[in-house]
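Residues -21 to -1, 1 to 237 in mature numbering (1 follows the signal peptide of the UniProt record, and there is no 0) are what the sequence shown spells out, letter by letter. Just so you know, even glycine gets a beta-carbon here, dropped at the ideal spot from N, CA and C. Notes follow once the structure below has been shown.
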Amino acid sequence: MGLSRALWVSVAVVAVAAAGAQQQLSPAFYNATCPNLQSIVRSGMTQAVQKEPRMGASILRLFFHDCFVQLGGPTWPVPLGRRDARTTNPDLAMHNLPPPFASLSELLTRFSNKSLNARDLTALSGAHTVGQAQCANFRHHIYDDPAGAVNASFAADLKARVCPPKGNDTNLAPMEPRAPDAFDNGYFRDLLARRVLLGSDQALYGGGNGTTDAIVRAYANNATLFREDFAVAMVKMGNLSPPAGTRGEVRINCRRVN
C-alpha cells in the first residue's frame, strides 16, 4: 500500500471531555456536548478540499469521512468517541504501514494481524484512487519489477517525465491519472491494466495466489459495490482496539494534549 505521511489538518471543534468510562464508539458520542459537530467538520472539510483537491487524500489518512462529499466518495455513520493517546509514537505508526513494495502475502498478513480480511484490504486500498506518490516510492516498481508486472508504456512515460533511475526522489505523480481528484473505482480499472504506481498496489491483482483478483475485478466493474465495501472497511478499521475506560483523552484542541 505504501501510504505516504499525512498532512495534519486542524479542524476547530468545540468538545468537552466525556465523563466516566467510554468503551463503545457511537455516532452519537458528541450529541450532548457538541450537537453541531457533523456540520462543523463537514464545512471545514469542504473548504479545505475546494482550496486544494490533494487535501482529500491527506485527510483520508486522518479518517475524516466528510471530505468525500467533494471527492465524490461515499458517506457513512462514523462511530465517534475514540480517545486520543496522551503520547505519540510516529515510528510505531509508520512501522504498522506496509512498504510500497510489499507482496500480497505480506499485505494479507499485516491486515489479518489487525483483524481485517482480504476484502477489507482490497477496498481500503481503493483510497489510492486519489492523492500522489513520490518517485522514491514507485521507482522500484517501474524499473525493477519483473516484465509484465507494469504496463510498459505507462512505465516509460513515468521514467521520462517524473522518475529517473537516480535522484528526484520527491517528484510526484498522481495515483490515478485519469481522474486524480475524484474518489471512484478507476484505481481498480488501472490495476487490471497494470497502470498503478506502487508495486504493493499491483500485488492485489496478479500478485501471486489470486486471493484478491476476483475482488479487484468486481470493484472495477461495480463502483457501488466498492463504495459500500469501502465504508464497511473504514468502520471496521476505526473500531480497532479503542482505548478502554479512562485511558487516553477526548481532546479540547486536537493539536495538543489537554
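For this session: With Leu151 as the anchor, note down where its beta strand (DSSP E) starts and where it stops.
Result: Start at 1 with the first residue of the sequence shown, and residue 151 comes out as number 172. Leu151 to Pro153 is the span of the beta strand (DSSP E), which, as asked, contains Leu151.
Exercise. With 16 other CB atoms within 10 Å as the buried threshold, where does Ser91 fall?
Worked result: Locating residue 91 in the sequence shown gives position 112, counting from the first residue. Ser91 should be labelled exposed.
Problem set entry | Residue from Cys114, Pro159, Ala161 and Ala210 whose Cα sits closest to the Cα of Ala139 | Residue 139 sits at position 160 when you count from the first residue of the sequence shown. Out of Cys114, Pro159, Ala161 and Ala210, Cys114 has the C-alpha closest to the C-alpha of Ala139.
Exercise. Sorted by chain position, which residues of the same chain lie with C-beta nearer than 8 Å to Asp63's C-beta, five sequence neighbours on each side aside?
Worked result: Stepping through the sequence shown from its first residue, residue 63 is reached at position 84. Closer than 8 Å at the Cβ level, and outside the excluded window around Asp63, lie Gly227, Glu228, Val229, Arg230, Cys233 and Val236.
Problem set entry | Ala199 beta carbon less than 8 Å from that of Asn130 | Your numbering for residue 130 matches position 151 in the sequence shown. Your numbering for residue 199 matches position 220 in the sequence shown. It is not a contact, given that the beta carbons lie outside the stated cut-off.
Problem set entry | Cβ-based burial, Arg157 [other Cβ within 10 Å; buried from 16] | For this step, residue 157 is matched to residue 178 along the sequence shown. Exposed, because fewer than 16 other Cβ atoms sit within 10 Å of the Cβ of Arg157.
For this session: Could you check if Gln181 is buried or exposed, using at least 16 other CB atoms within 10 Å of its CB as the buried criterion?
Result: As a first step, residue 181 must be located in the sequence shown, where it is residue number 202. Buried is the call here.
Problem set entry | C-alpha gap between Ile121 and Leu137, whole angstroms | Working through the sequence shown from its first residue, we reach residue 121 at position 142. Working through the sequence shown from its first residue, we reach residue 137 at position 158. The alpha-carbon atoms of Ile121 and Leu137 are separated by roughly 8 Å.
Problem set entry | Element boundaries [alpha helix (DSSP H), containing Ala210] | Translated into positions along the sequence shown, residue 210 becomes position 231. Residues Ala202 to Gly217.
Problem set entry | Spatial neighbours of Ala81 in its chain, beta-carbon cut-off 6 Å, leaving aside the 5 residues before and after | By 1-based counting over the sequence shown, the position of residue 81 is 102. Around Ala81: Ser179.
For this session: Please report the Cβ distance between Arg206 and Pro53, rounded to the nearest whole angstrom; I am assuming they are in contact, meaning their Cβ atoms lie under 8 Å.
Result: Working through the sequence shown from its first residue, we reach residue 206 at position 227. Working through the sequence shown from its first residue, we reach residue 53 at position 74. About 4 Å separates the two Cβ atoms, so the contact holds.
Problem set entry | Span of the alpha helix (DSSP H) around Ala102 | Stepping through the sequence shown from its first residue, residue 102 is reached at position 123. Per DSSP, Ala102 belongs to the alpha helix (DSSP H) from Ala97 to Ser104.
Problem set entry | Contact belief for Leu103 with Phe8 at Cβ below 8 Å, rounded distance in angstroms | If you number the sequence shown from 1, residue 103 lands on position 124. If you number the sequence shown from 1, residue 8 lands on position 29. Between Phe8 and Leu103 the Cβ distance is about 23 Å, and since that is not below 8 Å, they are no contact.
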